[in-house]
Structures are given as structure tokens and as C-alpha cells.
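In what follows, a single structure is set out as C-alpha cells and then discussed.
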Amino acid sequence: MNMQASTALPPVHRISTACEKLAISRATIYRMAKAGTIEIIKVGKGSARVTDASLRQLLTSKIVAPD
Numbered sequence: 123m124n125m126q127a128s129t130a131l132p133p134v135h136r137i138s139t140a141c142e143k144l145a146i147s148r149a150t151i152y153r154m155a156k157a158g159t160i161e162i163i164k165v166g167k168g169s170a171r172v173t174d175a176s177l178r179q180l181l182t183s184k185i186v187a188p189d
């Protein structure tokens, strides 16, 4: 049995990378996570990552259609 397949993380981004992509602060990322707007996964001791799926969903929801 392949143990790696069952414990593999989804694609994730560092908090700093997500902040750059969204042009927001670290504090805002954590507020958004607390509000359920973006998903954060805790990895290791004191580390966190933003899931790729939630980052993409947030970015696509902010796209404005041309008039």
C-alpha cells in the first residue's frame, strides 16, 4: 500500500506568496481564513499554507467582466 498517496497534501502556497498574488497583508490572509473566505492548512510546527484551490477560487471571483 502506498502511504504517500493517502497523506499527500493538495497543492499549496506559502502565506507570503498568497499575499503577493492577492496584494494583501499577512494579517488580512489570517482574517480571511478565520472568516472562511480562504482555506489555510497548518503544516509542521508553526507553518501554514494556503490551498491552491481556495486561492484560485478567490482570484476568479474577483475578476470583473468588461462593460
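The sequence shown begins at 123 in the numbering used here and counts up by one.
The beta-carbon is built from N, C-alpha and C at its ideal position, and this holds for glycine as well.
Query	Result
Tell me where the beta strand (DSSP E) around A170 begins and ends.	S169 to T173
For K184 and A140, what's the separation of their Cα atoms in angstroms?	14 Å
Can you list, in chain order, the residues of its chain with a C-beta nearer than 7 Å to that of H135? Leave out the 5 residues immediately preceding and following it.	R171, V172, D174 and L177
Tell me V165's beta-bridge partners as DSSP assigns them.	S169
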